[in-house]
Amino acid sequence: MANPAAAVEHHGHTPTTTGLDHRKVAIWAFIGSECMLFASLISTYLIYKGRSVVGPFPHEVCSPPVCDTVMKPILNIPVTSASTFVLLMSSLAMVLALAAVENADQPKHTLGERILGSSKLWLFMTALLGTTFLGFQAFEFTSFVHEGLTIRTNLFGSSFFTLTGFHGAHVTAGVLWLLTLLAIDFKRGLKPKDALIVDIAALYWHFVDVVWIAIFTLVYLIH
Amino acid sequence: MATTAAAPPYVSTHEPSNTGIWSWLTTVDHKRIGALYLVTALTFFMIGGFEAEIIRAQLMHPNGTLVSADTYNQLFTMHGTTMIFLAVMPLSAAFFNFLIPLQIGARDVAFPRLNAFSYWVYLFGGLFINASWLIGAAPNGGWFGYAPLTTMQFNPGLNIDFWVIGLQILGVSSLAAAFNFITTIINMRAPGMQLMRMPMFTWMAFITQFLLILAFPVITVALIFLQFDRFFGTQFYELAAGADPLLWQHLFWIFGHPEVYILILPAFGLVSEVLPTFSGKPLFGYPVMVYSGMLIAFLGFGVWAHHMFAVGLGPIADSVFGVTTLLIGIPTGVKIFNWIFTMWGGNVRFTVAAKFAIGLLALFTIGGISGVMHASPPADLQQTDSYFVVAHFHYVLFGGSMMGIFAGIYYYYPKITGRLLSEKLGNWHFWLTFVGMNLTFFPMHFSGLAGMPRRIYRYDAGQGFDMYNLISSYGAYLLGFATLIFIWNALRSRKHGAVAGHNPWNAPSLEWSIPSPPPDYNFATIPTVTSRYPLWDHKGDVHEFHEGEPIKTARELGIPMPFPTIKPFFVALFMTLMFTGLLFIHKHNMPLAYTFIFGGAAAMVTSLYSWLLSPLE
């Protein structure tokens, strides 16, 4: 039997063993290692929960003599719920962006179809919502600092800012990635053959969102 | 959308030179990158060995005066860090690089430029951490860097900053390589190369990559916490703020224990290549060897606190980790038996490679026995932090990893270079190493049990360890001499070694079917495999090269080759400069820090975009 690989070789590229593109396999390995990174950061946060010697504290009031003045619990659940919603909506936008790229060659007849089918729009919306989330984070971080919680104040401050800071850095990298895709879309357009690179960006983006859901649950919601 | 006419064969418009330093700086060929790793790692092995010789000179007699306590701390820290991160791991990486594509019938790894990047990051990371010697501030907190000893309060100099930043740089190298090899092994196997037909080295390498991607992030976090404490005043390891005094130890050893399996599994894989060839028989119990490797890796994540039996974890934790540690001896022991049964009844050829492999069986077993002794918490309370532990880990690391690596070097040198290493010099190397290694490390079992603590720079006479230290030091000098013989052999055989041919050992796997050294495209046609031992079974569609056949170029065969490129080198360089900037924060030189960090980051991102937006081939 003729070597099936040889036939393809003349065109330059051997088929992969799984049929998946290399980059698809690699992004999953990368996400696996990122899981361990965030697991370590989250575990440290949980180990240090309730062990700060001085306030402010996340969910409890801090009264004298532990704190000089009475300090309210510092986490703002309603505001963070809003930012969580924004990040979740960004994942929806990402899904729509990928779908738009996959269906870029389909004819669009109605305005609704053109809106849903605009990869530029949805890539932009994903980046915009991601940036809005980062804006919320910046607001939260600065208001915490004003209220007396810095990264060096106590165990809570150290573990909270490090964990959410690294998450925010990952969101930032994701936004830059999305803007790069958007730039490519403007330059030469993203066609169905480009669906893979958008899919990989989407995997990363959804991962960052899932990590936030874990953080929001364990840090903000659970007392 | 297929056309009926055949597409024209791909013709590369790029004809790179393959000589000269530029060809090495821009290479993306896995075989060349493997050679770079090998040479660099052997150099660091000698540097780490030199550090050990000074240690042994200091400890040769009671109350040695060769070095101060502070210098001694730097020596043993750098010896450990160098040997683990700059010698043994990169030596394994040399084999991953060179062998994996050849063994699975591929032309290169999945991401050739990322592969080059991993090497340059390793080189720059190794240079970075050793640059600390130049300012007399080499890392001095042990290779395991326990906080709070390594916090700013107790270690205010630059030493630990070099260590933390250096390890973070090296971690990037290992992780990038792991993503590459995982993708390569999953996705680039030749037709018919089912997972259970892969050579054992590739299997062990595959398992090792998973250990890497799961373990390195944990030490990354531990190091981030330490760095943040040192620079930004966070409280992760500050006892006064209520920090857990064991946090560092837990995080470090959750990485550290899988790390030792990262260090040994590739060597096991090499032994599994060498012994069947020189026994003329297939590996005994191939599936069990695969499953035991997986089990070792899996269990390896469940034993970490056996490094912490003396910190007061409590009886339940001690018992659980004692049991899991004993359990992990089982799959390991199974491998030793399977190697013995591989040789049993075979026509054993005692080449130097085979001797080193058999040497691993003997010496690693000794190390394993002391390891099982450590597994019992009450016994370990006497052994921990004594030279008994030093004996244990040198038996498994030198007697295990290094013996396996030397076996691999003697076995694969002809494939890499086209010439055989001298068996005569190799025998000298082997026997002097075997004797030297035992002379150096066996007495440490006794000095340890006699009470000699680890990490002391001198000891008073008359405590019962004078004789053992004297013997160890002589053994160490013998080891150094043996290693020099090896280096001489390796350098001399490049020009004067016997020409090897494609399969000097009559070995069974795919890498032995192609010329020595292989052409840049590896296989003229990708083979189809239907058995584990294609060259013994003569099944499948494997063309075995024979000397005298013409070796065509990639262009003649119509095989597209990736372009050589300097971009991975630059991304690695700028990343290192970015990390170097962190050192200036310690010195409160913020302008210089910002220049290096942000300048380095900007240059890195720019060259990264340039890399990502340029085609591979």
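Those sequence lines, one after another, are chains A and B.
According to numbering that gives the first Met the number 0, the first sequence holds residues 0 to 222 in order.
According to numbering that gives the first Met the number 0, the second sequence holds residues 0 to 616 in order.
Ideal Cβ placement from N, Cα and C applies to all residues, glycine included.
Note that the structure is a prediction, hence the values are computed from the model and not measured.
Beta-carbon of A:Ile150 versus every beta-carbon of chain B: anything under 8 Å? yes
Touch check for the region 386-403 of chain B and the region 366-375 of chain B: three-plus C-beta pairs under 8 Å? yes
Would DSSP call A:Met0 helix, strand or coil? Any answer about A:Met0 is weak, because its pLDDT of 39 lies below 50 and its placement is not dependable; what the coordinates show is given next. In the structure shown, A:Met0 sits in coil (DSSP, three-state: anything other than H, G, I, E or B).
In chain A, which residues lie with their C-beta within 7 Å of the C-beta of B:Ala449? The premise fails here: B:Ala449 is roughly 39 Å from chain A at the closest Cβ pair, so nothing lies under 7 Å.
Rounded to whole angstroms, how far is the Cβ of B:Gly268 from the Cβ of B:Phe200, which I believe are closer than 8 Å? 4 Å
Nonlocal neighbours in the same chain, by C-beta distance under 7 Å from B:Asp540, ignoring five residues either side: Pro526, Thr527
Measure from the alpha carbon of A:Gly220 to the alpha carbon of each residue in A:Leu74, A:Tyr44, A:Leu148, then state which is nearest. Strictly speaking, residue 220 of chain A in this sequence is Leu, with Gly absent from that position. Nearest of A:Leu74, A:Tyr44, A:Leu148 to A:Leu220, Cα basis: A:Leu74.
Assuming B:Asp465 is part of the alpha helix (DSSP H), what are its boundary residues? 465-495
In its own chain, which residues sit with a C-beta less than 7 Å from the C-beta of B:Val570, not counting the 5 before and 5 after it? Phe116, Met603, Ser606, Leu607, Trp610
Check this for me: beta carbons of A:Trp204 and A:Met93, under 8 Å apart or not? yes
Closest to A:Gly156 by CA distance: which of B:Ala136, B:Leu157, B:Ala137, B:Phe231 is it? B:Phe231
From the DSSP output, in three-state form, read off B:Asp540 for me. strand
Grab me the residues of B:Gly617's own chain with a C-beta within less than 7 Å of its C-beta, minus the 5 sequence neighbours each way, in chain order. Beyond the ends of chain B as shown, which are 0 and 616, falls residue 617 of chain B; an answer cannot be given.
So with CB distances below 9 Å, who are the chain A contacts of B:Leu615? Chain A residues near B:Leu615: none, gap ~10 Å exceeds 9 Å.
For B:Leu615, which three-state DSSP category applies? coil
B:Met560 - DSSP class collapsed to helix/strand/coil: coil
For a cutoff of 8 Å on Cβ pairs, would you count A:Gly218 as touching chain B? Note that residue 218 of chain A corresponds to Val in the displayed sequence, not to Gly. No, A:Val218 lies away from the interface with chain B (no Cβ there is under 8 Å from its Cβ).
Would you say A:Cys66 and A:Gly49 are within 8 Å of each other, going by their C-beta atoms? no
Closer than 7 Å by beta-carbon distance: list the chain A residues that pair up with B:Gln234, in chain order. Arg151, Asn153, Leu154, Ser157
Classification of B:Val289 by the beta-carbon crowding that lies within 10 angstroms, buried from 16 upward: buried
Under 8 Å, Cβ to Cβ, is there at least one residue of chain A near B:Val570? no
Can you find at least 3 beta carbon pairs, one from the region 80-88 of chain B and one from the region 125-145 of chain B, that sit closer than 8 Å? yes
Quick check: what's the CA-CA separation for A:Val209 versus A:Phe37? 11 Å
Identify whether A:Cys34 lies in helix, strand or coil by the three-state DSSP scheme. helix
If I follow the unbroken alpha helix (DSSP H) through A:Arg151, where does it start and stop? Looking at the DSSP string, A:Arg151 is not in any alpha helix (DSSP H), and its letter there is neither H nor E.
Would you say A:Val60 and A:Pro72 are within 8 Å of each other, going by their C-beta atoms? yes
Taking one C-beta from the region 102-109 of chain B and one from the region 185-203 of chain B each time, how about it: are there three or more such pairs within less than 8 Å? yes
Am I right that B:Pro563 and B:Val27 are in contact with their C-beta atoms under 8 Å? What's the rounded C-beta distance? 6 Å
As a quick exercise: from A:Lys107, A:Ser82, A:Ser80, A:Leu120, pick the residue whose alpha carbon is nearest that of A:Leu97. A:Leu120
Residue from B:Phe44, B:Thr25, B:Thr182 whose Cα sits closest to the Cα of A:His21: B:Thr182
In terms of alpha-carbon separation, which member of A:Pro191, A:Ile150, A:Ala103 lies closest to A:Phe165? A:Ile150
Cross-strand partners of B:Met187 (DSSP beta bridge): None, per the DSSP bridge assignment.
Using a Cβ-Cβ cut-off of 8 Å, state whether B:Thr3 counts as contacting chain A. Bear in mind that the predicted position of B:Thr3 carries a pLDDT of just 43, short of 50, making it unreliable; the figure below should be weighed with that in mind. B:Thr3 does not count as touching chain A.
Check whether the region 204-215 of chain B and the region 113-129 of chain A are in contact - that is, three or more C-beta pairs closer than 8 Å. no
My assumption, with CB atoms under 8 Å, is that B:Tyr260 sits in contact with B:Leu211. Please give the rounded CB distance. That pair is no contact at about 10 Å.
Between which residues of its own chain and B:Pro100 is the CB-CB distance below 8 Å, once the five residues before and five after are set aside? His29, Arg106, Asp107, Val108, Thr183, Met187, Asn521
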